[in-house]
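Numbering (this note's numbering), first residue to last: 9 to 311.
Cβ coordinates follow ideal geometry from the N, Cα and C atoms, glycine included.
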């Protein structure tokens with residue numbers, strides 16, 4: 009019964025953390041979709057492509073560049089990133105671009121395409137781009153006439169205007185030529201952008217309180233056993249090691265199925281950062297238990 013309670017509490021912690029992570033990522037996708045794939049951090053810059061990518065400060069962090077391609081009927085943009093694993097465009101079918109895999113395209117549902125040998129292509133300026141996916145995850149109607157191309161030839165060595173987005177350093181603004189950009193559509197999600205951090209903070213607070221309760225309860229369950237073991241000569245360190253081993257075994261048994269399920273079911277969640285976040289909470293439980301353990305034995309005069 010005692011182990012069941014610990015398993016249940018640790019499962020609740022992992023479930024809350026998973027739901028919070030998934031919710032935040034969904035809100036981020038909605039914001040990007042409402043603003044043509046850009047985040048509120050995006051900047052319009054004027055530079056040459058070679059000067060930009062040779063900047064050590066810039067290329068030290070994941071970034072993405074968009075270049076507008078002139079076309080009267082369609083909204084066509086070329087895409088480049090220094091880390092294609094860092095960000096994926098919201099798509100409802102297919103996959104995102106890969107490094108060194110050019111001449112591919114993500115298109116909207118109204119974009120004219122043709123098929124050759126079972127492979128779909130988008131034709132622009134007599135060049136065929138293999139269609140690997142369709143833009144828009146939650147609101148694909150926003151991208152009905154949009155095209156995203158993987159083609160570095162649109163990023164030239166002459167001064168041009170690009171949209172920079174991603175995890176670029178904040179001090180980049182000091183040495184980049186910045187133009188004004190309107191975040192079209194982002195206003196509808198400003199309330200979401202305000203609400204999401206509040207909800208996330210509240211959820212993390214509940215998780216922390218639950219970890220404290222779990223550590224306190226686990227210590228409380230073993231008080232009688234601990235007193236007897238100490239009277240029989242067991243050292244504090246040995247007993248603590250035994251209880252931590254049992255505690256972590258229970259935590260792993262409870263959390264591991266959640267991590268595995270998330271990896272297969274929720275593809276949008278970055279499994280590494282998600283796992284690290286969950287592990288930090290498990291380490292917090294260990295720390296809380298150790299503190300409570302030593303406070304308790306001091307109160308009981310067993311030091």
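Ignore the nearest five residues each way along the sequence and tell me which others in residue i's own chain have a CB closer than 8 Å to its CB.
i           : result
residue 220 : 296
residue 148 : 100, 116, 117 and 142
residue 69  : 174, 175, 176 and 177
residue 67  : 61 and 90
Please check if any C-beta of chain D sits within less than 8 Å of the C-beta of residue i.
i           : result
residue 301 : Among the chains of the structure shown, chain D does not appear; only one protein chain is present.
Counting C-beta neighbours from all protein chains within 10 Å, is the total for residue i 16 or more, i.e. buried, or is it exposed?
i           : result
residue 271 : exposed
residue 246 : exposed
residue 72  : buried
residue 195 : For residue 195, the predicted structure reports a pLDDT of 47, less than 50, and the residue's modelled location is therefore unreliable. The matter cannot be settled from this model.
residue 133 : exposed
residue 306 : exposed
residue 312 : Because the chain here runs from 9 to 311, residue 312 falls outside it and cannot be looked at.
Quick check: what's the CA-CA separation for residue i versus residue j?
i           : j           : result
residue 74  : residue 159 : 11 Å
residue 145 : residue 98  : 5 Å
residue 234 : residue 208 : 38 Å
residue 294 : residue 28  : 22 Å
residue 65  : residue 292 : 35 Å
residue 211 : residue 24  : 7 Å
residue 257 : residue 18  : 11 Å
residue 281 : residue 259 : 19 Å
residue 286 : residue 264 : 10 Å
residue 162 : residue 128 : 22 Å
residue 152 : residue 119 : 7 Å
residue 150 : residue 12  : 48 Å
residue 302 : residue 33  : 39 Å
residue 168 : residue 290 : 49 Å
residue 214 : residue 22  : 12 Å
residue 82  : residue 137 : 15 Å
residue 172 : residue 244 : 57 Å
residue 191 : residue 170 : Bear in mind that the predicted position of residue 191 carries a pLDDT of just 44, short of 50, making it too unreliable to give a figure here.
residue 284 : residue 218 : 19 Å
residue 2   : residue 135 : What is shown of the chain runs 9 to 311, which leaves residue 2 out entirely.
residue 94  : residue 87  : 14 Å
residue 46  : residue 96  : 12 Å
Please report the residue range of the beta strand (DSSP E) in which residue i lies.
i           : result
residue 285 : Not the beta strand (DSSP E): residue 285 falls in the alpha helix (DSSP H), residues 279–307.
residue 169 : 168–174
residue 140 : 135–143
residue 127 : 127–132
residue 99  : 99–102
residue 329 : The structure shown does not extend to residue 329, since the chain is modelled only from 9 through 311, so no value can be given for it.
residue 156 : 154–158
residue 114 : 112–115
Which residue marks the beginning of the alpha helix (DSSP H) containing residue i, and which one marks its end?
i           : result
residue 24  : 10–42
residue 82  : It is not in any alpha helix (DSSP H) - residue 82 carries neither H nor E in the DSSP assignment.
residue 235 : 231–239
residue 61  : 57–61
residue 67  : 64–67
Skipping 5 residues on each side, what residues in its chain have a beta carbon closer than 6 Å to that of residue i?
i           : result
residue 140 : 102, 103 and 112
residue 154 : 83, 116 and 143
Near residue i, what residues of its chain come up, given a Cβ to Cβ distance below 7 Å and the 5 sequence neighbours on each side ignored?
i           : result
residue 106 : 92
residue 110 : 158, 159 and 160
Flag this pair as touching only if the stretch 220–229 and the stretch 36–54 have three or more C-beta atom pairs under 8 Å; answer yes or no.
Not touching, per the Cβ criterion.
Taking contact to mean at least 3 C-beta pairs separated by less than 8 Å, is the stretch 242–256 in contact with the stretch 30–50?
Contact fails: fewer than three Cβ-Cβ distances are below 8 Å.
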